[in-house]
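Here's the structure we're looking at; comments come further down.
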Amino acid sequence: MIYSPNQIYYKEFTTQNSSGAATNADSLPVATARTNSNPSSDAEFILTVDNIDTGHYSITGIVPNDYSAGEVVSILVEATVGGVSAKAIVDTFTVSPSVKLTSDALDNISITEPVGVASDFREMMVQVWRRFFKKVTKTTADGIQTYADDDTTPLTTQTVDETVGDEEVGSAS
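Residue numbering for the sequence shown is 42 to 214, as defined by the working numbering.
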């Protein structure tokens, strides 16, 4: 799993007795985070352990906001079951950069008309918009044609076949 700063962290783990049967720990296990920059323990990353059912626990927390992209985080759980203490790393992840889409971010995507059939998602979205809001003609001879902004240069053509009230529109070319 990849986590970014200020994102909710979640992990589950189990505890067993010496014969392997699911068993609750003698007391609630403790989870701590360790990073490559702070291998002893990071008190800033507050983790909460909850008992889901017998021998089944969850760990939750919020990845600290000042964790840097690329930082490696390990989650260590300490538990005592039947008087026997144990430690285990139950998760390791690398912090990814925070990415936020601003309200005007989509305005920065080019809306230049594709020449021919779209080859990527941006072009597909532009072609759908142009199909509804720019010049389009439909004739029996030429099929459906979409046009460039000059309203004379055809960008795509689709054949249209009609038999007894049914229309079949072919792929664009």
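A virtual CB, placed ideally from N, CA and C, is assigned to each residue, including glycine.
In chain order, which continuous runs of the alpha helix (DSSP H) of length 4 or greater are located wholly inside the region 97-185? Assignment of alpha helix (DSSP H) within the region 97-185, counting only whole runs of 4 or more residues, yields 162-174 in chain order.
Segments assigned beta strand (DSSP E), at least 3 residues, entirely inside the region 47-75: Here the runs fully enclosed are 49-55.
How far does the beta strand (DSSP E) with residue 91 in it extend, from its first residue to its last? Walking along the sequence shown from the start, residue 91 turns up at place 50. 88-94 is the span of the beta strand (DSSP E), which, as asked, contains residue 91.
Starting from the Cα of residue 120, find the closest Cα among 135, 55 and 106 and give me that residue. On the sequence shown, residue 120 is found 79 positions in, with the first residue counted as 1. Out of 135, 55 and 106, 55 has the C-alpha closest to the C-alpha of residue 120.
So who's on the other strand from residue 204, going by DSSP bridges? Position 163 of the sequence shown, counted from the start, is the residue given in the question as residue 204. According to DSSP, which records beta bridges pairwise, residue 204 is partnered with 207.
Out of 113, 95 and 42, which one is the CA nearest neighbour of residue 79? Here residue 79 corresponds to residue number 38 of the sequence shown, with the count starting at 1. The residue with the shortest Cα to Cα distance from residue 79 is 113.
Can you check which of these residues, 126, 70, 203 and 77, is closest to residue 134 by C-alpha distance? The residue labelled residue 134 in the question sits at position 93 within the sequence shown. Measuring from the Cα of residue 134, the nearest candidate turns out to be 77.
Under a three-way DSSP split, which group does residue 79 fall into? For this step, residue 79 is matched to residue 38 along the sequence shown. Three-state result, residue 79: strand.
Residue 183 versus residue 209: straight-line alpha-carbon distance, rounded: Walking along the sequence shown from the start, residue 183 turns up at place 142. Walking along the sequence shown from the start, residue 209 turns up at place 168. Their Cα atoms are separated by approximately 14 angstroms.
Does residue 154 pass the burial test, meaning 16 or more other C-beta atoms within 10 Å, or should it be called exposed? Here residue 154 corresponds to residue number 113 of the sequence shown, with the count starting at 1. Classification for residue 154: buried.
Beta strand (DSSP E) segment containing residue 193, residue limits: Numbered from 1 along the sequence shown, position 152 holds the residue referred to as residue 193. That residue, residue 193, is in no beta strand (DSSP E); it is neither H nor E in DSSP.
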